[in-house]
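Participant:
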Amino acid sequence: MNDSTGAADSNDNEAVIIAHLQAHPDFFTAHPELLEKLYIPHARGAAVSLVEKQLDLLRDKNRRLQHQLDELLDIARDNDKLFQRLHQLTLAMLDADDLETALASLADTLYQCFDADFVAVRIFLDRPDAPLSDVFLAPLGINPFGAMLAQQKPLFGRLNIEQGKLLFGADADQVASSAVVPLLRGDWQGLLGIGSRDEQRFHPAMGGLVLGRMGDIVAARLAPLLPAAG
C-alpha cells in the first residue's frame, strides 16, 4: 500500500467516525471513560482532556454571546433615549397654535434634547409676503436636494456649498456635518436641517429610522398651520 492509498483510507476512516459521532451525539454519554483518554493540544502548549477542551470552547462561546448581548443592550438603551426625545418633540409641537410657535418649539427641542448646534426648516412654497419669508423658498429652489427628496430618506454628512447655503444660510460655514430630513406632504415638500460643528456627529453610515419618523411628525404638524401663515 503506497502513501496516497494510506492517506485516502485514513480520510475515509475519519469521515466514518465523524458521521457516526454526528449521528450519535450521546456516544460519549454511553462511553464516559473515553473522555478521560482523549487529549487535544492546547494553545498554551500542554495537552488537555476533551472535557477541558469543551469547557474552554463553551467559555469562549459564552464570552462572545455576552459581548453580543452587551452590544444589543447598548443599542436598545440608545434607541429608547431617542424615542423618548422624539416623544418630547411631538408633545412640544402639538402645543403650538401657529407656524412660528411650532418652528420655535421644534428648534428648542432639537437644541436641548438632540444637542443640535444649528436648526433650519425650509418649505418649498411661493410665500414671498409671509411673515416667516426666510422659511419659504420657491419650488425651483429644491434642485440641490432633489435627489434626496426623491429617495425620501434623510441625508447625513457634510453638505456641498450650494446645499449648505440654501439650508443654513449665513451659518453654513460653521456646519461641519448635518442631518437633512425630508418633509413630505401631498401638496408641498420641505427640509429639516440639523447641523453640528463636529464633523463626526453626522456621517453617511448612520441609520435614518428615528429621523425619518421625526420628519413625518414635523411635516404632519406643520401642514395644518401653513394656510394661516400665508
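Take the sequence shown: its position 130, counting from 1, is numbered 195 in our numbering, and each next residue is one higher. We put the CB at the ideal spot given by N, CA and C, even for glycine.
Please name the residue, chosen from D252, I83, S242 and L175, that lies closest to L190 on a Cα-to-Cα basis.
Facilitator: Of the listed residues, the one whose Cα sits closest to L190 is D252.
Participant: Just to confirm the assignment: which complete beta strand (DSSP E) runs, minimum length 3, are found wholly within the segment 189–272?
Facilitator: List check, beta strand (DSSP E) in window: 220–222, 242–249 and 254–261.
Participant: For a test of the three-state rule: what should DSSP assign to F179, helix, strand or coil?
Facilitator: In this structure, F179 counts as coil in the three-state DSSP scheme.
Participant: With three or more C-beta pairs closer than 8 Å as the rule, is the segment 205–215 touching the segment 257–267?
Facilitator: No contact exists between the segment 257–267 and the segment 205–215.
Participant: What is the residue span of the alpha helix (DSSP H) that L276 lies within?
Facilitator: From DSSP, the alpha helix (DSSP H) with L276 extends over L274 to L287.
Participant: Using the Cα positions of D289 and K146, report the straight-line distance between them to the nearest angstrom.
Facilitator: Position check: residue 289 holds Pro in this sequence, whereas Asp was assumed. Answer to the nearest angstrom: the Cα atoms are 29 Å apart.
Participant: Is it a yes or a no for the segment 268–276 touching the segment 214–227, going by three-plus beta-carbon pairs under 8 Å?
Facilitator: As far as the Cβ criterion goes, the segment 268–276 touches the segment 214–227, which means the pair count is three or higher.
Participant: How many angstroms separate the CA atom of Q149 from the CA atom of D135?
Facilitator: Computed Cα separation, rounded: 21 Å.
Participant: Run through the DSSP bridge pairs and tell me what A185 is partnered with.
Facilitator: Note: A185 sits in a beta bridge opposite G258.
Participant: Just to check my reading of the structure: G151 and V275 have Cβ atoms closer than 8 Å, yes? What is that Cβ distance to the nearest angstrom?
Facilitator: One detail in the question is off: residue 151 reads as Leu in this sequence, not Gly. Right, the Cβ-Cβ distance comes to about 6 Å (below 8 Å), so this counts as a contact.
Participant: Would the beta-carbon of V184 fall within 8 Å of that of L175?
Facilitator: Their beta carbons are under 8 Å apart, which means V184 touches L175 by this criterion.
Participant: Identify whether D163 lies in helix, strand or coil by the three-state DSSP scheme.
Facilitator: Of the three classes helix, strand and coil, the one that applies to D163 here is coil, per DSSP.
Participant: Between L138 and Q131, what straight-line distance do the alpha-carbon atoms span, to the nearest angstrom?
Facilitator: Looking at the two C-alpha atoms, the distance is approximately 10 Å.
Participant: Are L156 and M279 touching if we call contact CB-CB under 8 Å?
Facilitator: Cβ atoms of L156 and M279: not closer than 8 Å.
Participant: From F201 to A241, what does the alpha carbon distance come to, in whole angstroms?
Facilitator: Roughly 24 Å separates the two Cα atoms.
Participant: Does DSSP classify H152 as helix, strand or coil?
Facilitator: It is helical.
Participant: Looking only at its own chain, which residues have a Cβ that is under 8 Å from the Cβ of A167, when we skip the five neighbours before and after it?
Facilitator: Closer than 8 Å at the Cβ level, and outside the excluded window around A167, lie M158, A161, R286, L287 and L290.
Participant: Quick one: residues in its chain with C-beta nearer than 6 Å to the C-beta of R223, no 5 flanking neighbours on either side, listed in chain order?
Facilitator: Taken in chain order, the residues that qualify are S242.
Participant: Indicate the three-state DSSP secondary structure (helix, strand or coil) for A90 in the structure shown.
Facilitator: Residue 90 is actually Pro in this sequence, not Ala. Three-state result, P90: coil.
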